[in-house]
Amino acid sequence: MTLEKEPIDRQNFIRARQYCTRARDGFRHLLSQTWPGGAARIVLPAYVGYSPLEGSGILDPLNQLEIPYSFYRVDEQLNIDLSSLENELERGEVFSVLAIHYFGGIQPEIAQAKALCERAGAVLVEDCCHCLDLQGQATGDTGDYALFSIHKVLPCDDGGILQRNRDAIDPGPLPASLRATALPTRLWRDALFDAIAERRVDNYHRLNAELRGIDGVTPFWPELPRGTAPLNFPLLIESVDRFDVYKRMRASGVGVVALYHTLVDAIDPGTFPKSHTISRKILNLPIHQDVKGEEAQSIGAALRSALAEVS
Ligand SMILES: Cc1ncc(COP(=O)(O)O)c(C=O)c1O
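Here this note's numbering is used: the first residue of the sequence shown is -6, the next is one more, and so on.
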């Protein structure tokens, strides 16, 4: 027996992460190394956005590499429709499946999705681009690979992570041009994620209380899913044009976004009506760590006056 006095195994209890320029670049690298070619396709959730300015973080790498794809259905909370995923897997030629934890809400079916993938011989890529990096919560540890987007949750302009889990095929080192710079890497390693999550959850509840009683808007989640550190406060604008509300809130200084106001063309409204309903109504209010609790009131007031102006 040889027992070292200190640990020497660099794979033991240490995540295999590569810090990249953006999540989409890590995704492209992964796909370029793992796609078997031909008709082998990746199956995506039917809620993928596009904007003329930013393109599509998910579809662009696939189009660049000319990798075929198809979609599985998601429900009203953007949760995986397991029977639709199963149908897609049964059609064959699937090498990979993408699951997205939208807005930081943990996919309740992620373990079942992983089991379906295993049965079909497909690898699961877990998209944690809207998530923090919380101890014990383990977003990113179920899939064979995981992606994180540093610039979406911490104050920097770029940065992403490609994580390989367990015995998944090693995609090899990122080309030098796709490696992250020092700032996002340092921010991610030093961030107090528990405190950031606490602030975001507190802001979520405060804003939720402000929105109670406002007609024509519905929080996207009936209740904040357990363990969720929300990226933002998603809500549905039911009664008026979402874009009118968006413009007015922007004009009043509130950094709202609409994830995703436009779905990629390949998501057909006839086949995926639930996805299109969400896309038409969604508005995401800021509740990140720089938002101070008392500012929830101002956000609520801005929404009220935007709604009053457009109705
Ligand atoms: C769910 C999701 N995944 C991946 C990405 C891509 O992230 P990044 O901008 O770091 O490439 C985005 C945003 O574009 C996203 O919303």
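A virtual CB, placed ideally from N, CA and C, is assigned to each residue, including glycine.
Owing to the predicted nature of the structure, the values given are computational and were not obtained by experimental measurement.
Any non-hydrogen atom of ligand 1 within 7 Å of residue i CB
i    : result
C124 : no
I51  : yes
G85  : no
S272 : no
H254 : no
E47  : yes
H22  : no
Exposure label - residue i; buried when at least 16 CB within 10 Å
i    : result
T132 : buried
S142 : buried
T14  : buried
I7   : exposed
A188 : exposed
R159 : exposed
I51  : buried
Extent of the continuous beta strand (DSSP E) run through residue i
i    : result
D120 : 116 to 120
P38  : 34 to 38
I93  : 87 to 93
L140 : 138 to 142
Q11  : 9 to 13
N- and C-terminal bounds of the alpha helix (DSSP H) containing residue i
i    : result
L55  : 52 to 58
S272 : 266 to 274
F20  : 16 to 27
S76  : 75 to 83
R297 : 288 to 303
C110 : 103 to 113
Using 8 Å as the threshold, is the stretch 232 to 244 in touch with the stretch 8 to 22, meaning 3 or more CB pairs across them?
-> The stretch 232 to 244 makes no contact with the stretch 8 to 22; the number of CB pairs closer than 8 Å stays below 3.
Three or more C-beta pairs below 8 Å linking the stretch 49 to 61 and the stretch 280 to 300 | The stretch 49 to 61 vs the stretch 280 to 300: no contact.
Taking the runs of the beta strand (DSSP E) that are 3 residues or longer, which of them lie wholly in the stretch 208 to 284?
-> Counting whole runs of 3 or more residues, the stretch 208 to 284 contains the beta strand (DSSP E) stretches 210 to 212, 226 to 230, 275 to 278.
Whole alpha helix (DSSP H) elements within the stretch 150 to 213, 4-residue minimum = Inside the stretch 150 to 213, DSSP marks whole alpha helix (DSSP H) runs of 4 or more residues at positions 175 to 183, 186 to 204, from first to last along the chain.
Inspect the CB distances between the stretch 259 to 273 and the stretch 177 to 188 and report whether three or more fall short of 8 Å.
-> No, they do not touch.
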